[in-house]
Amino acid sequence: MTLKRNRRVLALAGSLAALPLMLPGVAAAATAPIDLGTLPGDQYSEVNAINEDGVMVGSSTPLETQIKYHAAKWDALGRISALPGLGGEQSKATDVNRGGVAVGWAHKDANWNQAAVKWAPDGTVTALPYLPGGDYAIANAITDGGVIVGAGRAADGTTHAVRWNPDGTVVDLGGLPGGAYANAGWITPDGRTVAGTASDAAGNDHVVRWNLAGAITDLSPGNPRSTPEDMNDFGVIVGSAEVNGTTKPVRWERDGRMTWLDWPERDPGWARAVNNAGVAAGGGYLVFGTESPVKWNRAGTRTTLSAERGLGYDIDRLGTVVGLENSIATKWSANGTPTVLGALPGGAYSVATHIAANGTIVGLSDNENGRTHAVYWPAG
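According to mature numbering (1 follows the signal peptide of the UniProt record, and there is no 0), the residues represented by the sequence shown are -29 to -1, 1 to 351, in order.
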C-alpha cells in the first residue's frame, strides 16, 4: 500500500466551529520511535511505503543545495540498504508489494532522463518500457500480482496515466478529453480498478478512475478541482473537492457517487485515508488557523479526535488513526484514546504517516541536528 502524500496548498478559513463528538481520553505515555537512519553520507530519509511483512521502501538524501534522492529499502528489522539505479544520480522507491518487489523511478543519465523502474526482492533493477515516443515515466503502485501503475510522457509531450502488466507490457490509460496530464496513483489488489488524477481541457485536476478495460471516469465533473488521497481495496476513494473556492472532504463510492463528508461550510478540510470499511481519517481548519485531526464513519459523520493542532494521516482496519498532535506523532485507538508516539532524542517534530496491516507504524522525526529521518514504531 502506498503512503499518502500531501500535495495541497491550504487557505485559512475564518469560522469558529463547534467540535462535535469530541472523544475524551488522556494520552498514554510516549513511545520512542526507532531511527531508520540514512544511507552512508546522507542526512535525510523517508519511507514511502510498507508491506504487510514490515518491509519498507523510500529514499535517502544528502545535505546539498540540490535535493538528490537515493532509493532505499529497509527490512522488517529496520536495516537499510541501497537500491541500485540506472546510471543516473537520483532514484526513489514509491511502493512495495507483499513479495518484496518495489517500484519507483530512476534517472538514466546526468541529464535527468527518467524511467519507471521495479526492483526484485534481491535488489535487481529493471527499467519499465516508455509509452511509444515517450522519454519519461514514474511508477507509483504495484499489486501483489505484479501489475504496476504510474504515469508516462506520450509522443505529443502530454503526460498519460500508465499501467504495466506483469509481463512488462505498457498500457496507455490516457486522460480526460483535452487534458494534458494524468497520473495513476492507486490500484486495487485485484488489478481491476485504478485511481488517480487527470486534468481537464482548462487545466483543472479531477479525481478519476479507470476500469480493467482502461476506460476513464471523471468522478467530480461538476467541481472545478478535486484531489484523491487514498483508495481502499474495494475501489472507494477519499480526498477533497473544491466548493465555491473552499476545499471539502469527499468520499467517492464504488459506484462513483460522491459523498460529502461532514464539515463546516466555511472551513477547508480533507480526507487523507480510508480503510476497507469506508471509515476515513483526515482533518482541516475547524478553528481559525488550526488544523484538527478527525475521522468519519461510514455514514460520513465526523468525530474530532483532538482540540489541539493536528492531522490524521492514515487509518487501519480496526479504525486506529495515526498522525500528529501538537507537532508530535500520535496514535488514536478506535475509541479515540490517544497515545503520544514521541520523537527522536532532541527532535521537536515527528509525524506518523502510515500504519501497516501488521500494526507497524512508520513516519518521520527530526533529530538533535534538525535532520529529518524515517522512523518506525514496531507492532505491539
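All C-beta atoms, glycine included, are put in the ideal place defined by N, C-alpha and C.
From a predicted model like this one, the values you see are computed outputs, not experimental measurements.
Can you tell me whether DSSP reads residue i as helix, strand or coil?
{"i": "TRP83", "result": "coil"}
{"i": "ARG196", "result": "coil"}
{"i": "ALA345", "result": "strand"}
{"i": "ASN111", "result": "strand"}
{"i": "ALA154", "result": "Per the sequence shown, residue 154 should be read as Asn rather than Ala. It is a strand residue."}
{"i": "ALA(-1)", "result": "Residue confidence is low: ALA(-1) scores 49 on pLDDT, short of 50, so the model does not pin down where it sits. No coordinate-derived value is stated."}
{"i": "GLU339", "result": "coil"}
{"i": "LEU10", "result": "coil"}
{"i": "TYR284", "result": "strand"}
{"i": "ARG273", "result": "strand"}
{"i": "ASP171", "result": "coil"}
{"i": "LYS39", "result": "coil"}
{"i": "VAL141", "result": "strand"}
{"i": "THR324", "result": "strand"}
{"i": "VAL333", "result": "strand"}
{"i": "THR129", "result": "coil"}
{"i": "THR65", "result": "strand"}
{"i": "GLY318", "result": "coil"}
{"i": "ASP24", "result": "coil"}
{"i": "ARG50", "result": "coil"}
{"i": "GLY58", "result": "coil"}
Cα-Cα, which of the options is closest to residue i?
{"i": "TYR347", "options": "LEU282, LEU34, ASP46", "result": "ASP46"}
{"i": "HIS131", "options": "PRO11, ASN297, ASN19, VAL179", "result": "VAL179"}
{"i": "GLY290", "options": "THR9, LEU276, GLY281", "result": "LEU276"}
{"i": "VAL245", "options": "ALA108, LEU7, HIS325", "result": "HIS325"}
{"i": "PRO148", "options": "ARG134, GLY156, ILE158, THR129", "result": "THR129"}
{"i": "ASN182", "options": "ASN329, VAL333, ARG134", "result": "ARG134"}
{"i": "VAL207", "options": "THR261, GLU35, PRO199", "result": "PRO199"}
{"i": "ASP127", "options": "GLY116, ASP143, TRP83, GLY105", "result": "GLY105"}
{"i": "GLY59", "options": "ALA91, ASP93, ALA98", "result": "ALA98"}
{"i": "THR159", "options": "ILE109, ASP115, ILE187", "result": "ASP115"}
{"i": "VAL265", "options": "PHE259, ASP287, TRP241, ASN247", "result": "TRP241"}
{"i": "ALA173", "options": "GLN37, GLY162, GLY167, GLY150", "result": "GLY150"}
{"i": "ASP285", "options": "PRO11, THR2, ASP6, ASN19", "result": "ASN19"}
{"i": "VAL142", "options": "HIS177, GLY185, ALA166", "result": "GLY185"}
{"i": "GLY117", "options": "VAL74, PRO103, ALA125", "result": "VAL74"}
Grab the span of the beta strand (DSSP E) containing residue i for me, first residue to last.
{"i": "TYR15", "result": "15 to 21"}
{"i": "SER31", "result": "27 to 32"}
{"i": "THR97", "result": "96 to 98"}
{"i": "THR159", "result": "Where THR159 is concerned, there is no enclosing beta strand (DSSP E), given that its DSSP letter is neither H nor E."}
{"i": "GLU296", "result": "292 to 296"}
{"i": "ALA251", "result": "251 to 258"}
{"i": "VAL118", "result": "Unbroken run through VAL118: none, as it is neither H nor E."}
{"i": "residue 352", "result": "Nothing can be reported for residue 352: it is not among the residues displayed for the chain, which extend from -29 to 351."}
{"i": "VAL179", "result": "176 to 181"}
{"i": "PRO309", "result": "309 to 311"}
{"i": "THR188", "result": "187 to 189"}
{"i": "THR301", "result": "299 to 303"}
{"i": "VAL74", "result": "73 to 78"}
Strictly under 8 Å for the Cβ-Cβ distance: is residue i near chain B by that measure?
{"i": "ALA251", "result": "Structure shown: chain B not included; a single protein chain is present."}
On the CB-based measure, 16 or more other CB atoms within 10 Å of its CB, does residue i come out buried or exposed?
{"i": "GLU236", "result": "exposed"}
{"i": "ASP201", "result": "buried"}
{"i": "LEU48", "result": "exposed"}
{"i": "PRO192", "result": "exposed"}
{"i": "GLU262", "result": "buried"}
{"i": "ARG269", "result": "exposed"}
{"i": "GLU17", "result": "buried"}
{"i": "TRP231", "result": "exposed"}
{"i": "ALA140", "result": "It is worth fixing the name first, because residue 140 is Thr in this sequence and not Ala. Exposed, since its Cβ has fewer than 16 Cβ neighbours within 10 Å."}
{"i": "SER52", "result": "exposed"}
{"i": "ALA350", "result": "exposed"}
{"i": "GLY260", "result": "exposed"}
{"i": "ARG50", "result": "exposed"}
Compute every distance between the C-beta of residue i and the non-hydrogen atoms of the ligand FMN, then say whether any falls below 7 Å.
{"i": "VAL209", "result": "As far as ligands go, the structure on display features none, and thus does not contain the ligand FMN."}
What are the complete beta strand (DSSP E) segments, minimum 3 residues, inside the segment 203 to 246? Runs found: 208 to 214, 217 to 223, 229 to 231, 240 to 245.
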